[in-house]
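With numbering that gives the first Met the number 0 applied, the sequence shown covers 0 to 473. Glycine included, C-beta positions come from ideal geometry on N, C-alpha and C. Quick notes on the structure that follows.
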Amino acid sequence: MNITNIKALDGRSDHVVCMDCPTESVASSLENMMVGNNFLPSTCCIFKTPSILYRHKEEAYIPNAFSFGPFHHGKPNLTETEKIKSKYLQCLIARSHSPEAMLKQCIDVIKEVEEEARACYAGTIGFSHDEFVKILVLDACFIVELFRKDANLVSKDEDDPVFTMSCMLQYLFHDLILLENQIPWLVLERIFSLTASPNEAKSLVGLTLQFFSNIFSSDEHSIEPHLFANQEVKHILDLLRKSLILPYSGEDSQHCLGWQPFPSATSIKEAGIDFRRVSSSSILDIRFRNGILEMPSFLIQETTETIFRNLISFEQCYPNCSPRVASYVILLSNLINTSKDLDILCGIGIIDNWLIPEDSTKFFKALYHDSYVKEFHYLRLCENVNGYCHQWRSRWNAFYKHNYLGKPWAIVSGFATNPVVVAAVLPFWDDLSLFFLPGGPDAVQRLHGSLQLQDESWFLRLQMLDGWAVPLPP
Numbered sequence: 000m001n002i003t004n005i006k007a008l009d010g011r012s013d014h015v016v017c018m019d020c021p022t023e024s025v026a027s028s029l030e031n032m033m034v035g036n037n038f039l040p041s042t043c044c045i046f047k048t049p050s051i052l053y054r055h056k057e058e059a060y061i062p063n064a065f066s067f068g069p070f071h072h073g074k075p076n077l078t079e080t081e082k083i084k085s086k087y088l089q090c091l092i093a094r095s096h097s098p099e100a101m102l103k104q105c106i107d108v109i110k111e112v113e114e115e116a117r118a119c120y121a122g123t124i125g126f127s128h129d130e131f132v133k134i135l136v137l138d139a140c141f142i143v144e145l146f147r148k149d150a151n152l153v154s155k156d157e158d159d160p161v162f163t164m165s166c167m168l169q170y171l172f173h174d175l176i177l178l179e180n181q182i183p184w185l186v187l188e189r190i191f192s193l194t195a196s197p198n199e200a201k202s203l204v205g206l207t208l209q210f211f212s213n214i215f216s217s218d219e220h221s222i223e224p225h226l227f228a229n230q231e232v233k234h235i236l237d238l239l240r241k242s243l244i245l246p247y248s249g250e251d252s253q254h255c256l257g258w259q260p261f262p263s264a265t266s267i268k269e270a271g272i273d274f275r276r277v278s279s280s281s282i283l284d285i286r287f288r289n290g291i292l293e294m295p296s297f298l299i300q301e302t303t304e305t306i307f308r309n310l311i312s313f314e315q316c317y318p319n320c321s322p323r324v325a326s327y328v329i330l331l332s333n334l335i336n337t338s339k340d341l342d343i344l345c346g347i348g349i350i351d352n353w354l355i356p357e358d359s360t361k362f363f364k365a366l367y368h369d370s371y372v373k374e375f376h377y378l379r380l381c382e383n384v385n386g387y388c389h390q391w392r393s394r395w396n397a398f399y400k401h402n403y404l405g406k407p408w409a410i411v412s413g414f415a416t417n418p419v420v421v422a423a424v425l426p427f428w429d430d431l432s433l434f435f436l437p438g439g440p441d442a443v444q445r446l447h448g449s450l451q452l453q454d455e456s457w458f459l460r461l462q463m464l465d466g467w468a469v470p471l472p473p
């Protein structure tokens with residue numbers, strides 16, 4: 000092999016060059032890599048979770064019992080539920096005049112959109128055309144039949160494990176909202192339209208939202224399906240995200256570059272701001288006006304972390320997707336720093352917590368780790384609340400400067416009406432009196448006696464408080 004040492008231009012080191020290396024083959028390989036479009040097609044809307052997010056909590060991104068679509072199909076721990084899917088397919092086609100003909104029609108309508116459906120997935124799908132169509136038909140028929148049974152549009156079998164085993168619905172609430180476990184909405188729509196009865200009034204959007212009606216809030220509210228009339232829904236997860244965004248048209252709906260920290264619930268209360276629980280179709284609808292922070296009720300339950308992690312993952316992966324959900328999570332992570340903050344919001348009814356308080360306090364902090372949020376959609380809200388808090392502090396500072404600064408006896412009067420301040424200041428009063436009180440130590444003794452005669456009960460009560468050891472003045 001012919002190896003030549005070439006002095007680098009900077010003179011600091013030698014580069015070893017293999018003169019016999021096949022330059023043409025390397026160039027040919029690079030040229031082949033550049034052929035065609037290396038970017039994901041714009042139709043991609045179903046992604047595998049990026050490893051940088053996946054590593055934080057794997058179980059929030061993978062199915063527990065049911066696989067939908069190609070990414071998790073065939074995994075050993077998910078094969079048992081294929082029997083349930085087959086039973087639901089049988090129930091669906093059995094209501095037609097000719098079940099065999101209905102099954103063939105289901106296959107045909109999915110074959111028509113097979114290429115379009117395949118283009119929705121980011122990455123290679125290792126299934127043949129027929130295998131892929133079979134997966135989509137079985138999964139779509141199961142989901143459509145599930146939503147109809149849940150809405151009592153069709154009868155349920157007495158031995159149906161989905162509705163007789165308490166764990167099954169919980170598995171489905173988790174598995175149906177995973178980004179990796181989606182099937183294209185156009186596939187669901189084709190099956191739904193083909194199998195709908197003549198008098199079926201509810202749309203697929205309406206049935207889906209009804210099934211997930213309590214995923215974000217325990218409040219009773221409905222979202223009109225007509226809001227989605229001109230929306231291109233990608234899949235179930237995208238529909239749930241749109242159900243949060245479409246009803247909300249708040250002051251921060253425009254693009255807002257930059258970010259501001261938001262005060263905790265405790266700090267907000269101390270600044271004189273009141274919380275108010277309001278009724279809204281979207282938990283994102285948070286407003287601040289007239290010194291009141293208005294927030295809809297928000298439910299923290301077992302599936303809450305799953306839905307928010309997957310919504311954030313979708314916002315991170317889907318091109319030009321506004322981080323509306325991530326902005327909400329960031330806001331709440333600032334609002335809830337301690338268990339005291341959580342208690343304030345739970346006491347008002349803004350947070351409906353079904354988890355252990357310690358878990359809920361840490362809950363929001365970890366949700367958006369390693370997520371990039373370019374547009375923070377609550378920037379103006381943060382500016383308004385922070386400005387109000389600053390004005391509140393400024394007003395109190397001005398009040399005390401005007402009424403107490405330079406007026407020693409006014410300071411004493413203010414202290415004497417606050418037992419905590421009295422307890423804190425009395426041990427150092429002898430030194431302070433040399434600067435403030437005419438008469439020095441003699442005036443101190445007279446003040447001690449006056450306080451003890453008039454307000455001795457304050458000190459007795461303070462002694463009984465946990466963490467206080469305040470002696471009575473002599």
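Query raised in the report: Going by Cα to Cα distance, which pick from PRO262, TYR247, GLU219 and LEU206 is closest to ILE235?
Result: Taking the first residue of the sequence shown as 1, we reach residue 235 at position 236. The shortest Cα separation from ILE235 among PRO262, TYR247, GLU219 and LEU206 belongs to LEU206.
Query raised in the report: Should TYR371 go down as buried or exposed, given a rule of 16 or more other Cβ atoms within 10 Å for buried?
Result: In the sequence shown, residue 371 corresponds to position 372, counting from 1. When all chains shown are included, TYR371 counts as exposed.
Query raised in the report: Nearest to VAL232 by alpha carbon, out of LEU187, GLN209 and GLY257?
Result: Position 233 of the sequence shown, counted from the first residue, corresponds to residue 232. Among LEU187, GLN209 and GLY257, the Cα nearest to that of VAL232 belongs to LEU187.
Query - Short Cβ contact (7 Å threshold) for PHE172 with THR302 - result: Mapped onto the sequence shown, residue 172 falls at position 173. Mapped onto the sequence shown, residue 302 falls at position 303. Yes. Within cutoff.
Requested in this report: Pull up the distance between the alpha-carbon of ILE311 and that of TYR367, whole angstroms please.
Outcome: On the sequence shown, position 312 is the one that residue 311 refers to. On the sequence shown, position 368 is the one that residue 367 refers to. Cα to Cα, ILE311 sits roughly 7 Å from TYR367.
Query - CA-to-CA distance, PRO224 to SER202, given in whole angstroms - result: What you label residue 202 is simply residue 203 of the sequence shown in a count that begins at 1. What you label residue 224 is simply residue 225 of the sequence shown in a count that begins at 1. Taking the straight line joining both Cα atoms gives about 8 Å.
Query raised in the report: So what's THR52 in DSSP terms, helix, strand or just coil?
Result: Numbered from its first residue, the sequence shown carries residue 52 at position 53. The sequence given here places Leu at residue 52; Thr does not occur at that position. Here LEU52 sits in helix by DSSP.
Report task. Could you tell me if VAL25 is buried or exposed, where buried requires 16 or more neighbouring beta carbons within 10 angstroms of its beta carbon? Result -> On the sequence shown, residue 25 is found 26 positions in, with the first residue counted as 1. Its Cβ having fewer than 16 others within 10 Å, VAL25 is exposed.
Requested in this report: Under 7 Å Cβ to Cβ from ASP340, same chain only, skipping five residues before and after it: list those, please.
Outcome: Counting from one through the sequence shown, the residue named residue 340 turns up at place 341. Excluding sequence neighbours, ASP340 sits near SER263, ALA264, THR265 and LEU334.
Query raised in the report: Per DSSP, what kind of secondary structure is ARG117 in: helix, strand or coil?
Result: Residue mapping note: residue 117 aligns to position 118 of the sequence shown, counting from 1. Residue state, collapsed to three classes: helix.
Query - Simplified DSSP state of MET294, which is helix, strand or coil - result: Locating residue 294 in the sequence shown gives position 295, where the first residue counts as 1. Three-state result, MET294: strand.
Query - Sufficient close CB pairs (3 or more, under 8 Å) joining the stretch 175-193 to the stretch 46-65 - result: yes
Query raised in the report: Is there at least one non-hydrogen atom of the ligand COA closer than 6 Å to the beta-carbon of CYS320?
Result: The model depicted lacks the ligand COA and carries no ligand whatsoever.
Query raised in the report: ARG286 by DSSP, collapsed to three states: which one?
Result: As a first step, residue 286 must be located in the sequence shown, where it is residue number 287. Three-state DSSP puts ARG286 in a strand.
**Report entry** C-beta atoms of ASP342 and SER217 nearer than 7 Å
**Finding:** Here residue 342 corresponds to residue number 343 of the sequence shown, with the count starting at 1. Here residue 217 corresponds to residue number 218 of the sequence shown, with the count starting at 1. In this structure, SER217 does not lie closer than 7 Å to ASP342 by Cβ.
Query raised in the report: In terms of alpha-carbon separation, which member of HIS128, ALA121, LEU91 and SER97 lies closest to HIS109?
Result: Along the sequence shown, one-based indexing puts residue 109 at 110. First, the amino acid is wrong: residue 109 is Ile here, not His. Comparing Cα-Cα distances from ILE109 to each of HIS128, ALA121, LEU91 and SER97, the minimum goes to HIS128.
Query raised in the report: Do PHE274 and LEU298 have their C-beta atoms closer together than 7 Å?
Result: As a working note, residue 274 is residue 275 in the sequence shown. As a working note, residue 298 is residue 299 in the sequence shown. No, these two residues do not count as a Cβ contact at 7 Å.
Query raised in the report: Contact between the stretch 40-58 and the stretch 102-122: three or more CB pairs below 8 Å?
Result: yes
Query raised in the report: Taking C-alpha atoms, which residue in LEU330, LEU283, VAL136 and SER326 lies nearest to GLU81?
Result: On the sequence shown, position 82 is the one that residue 81 refers to. Here the closest residue by C-alpha is VAL136.
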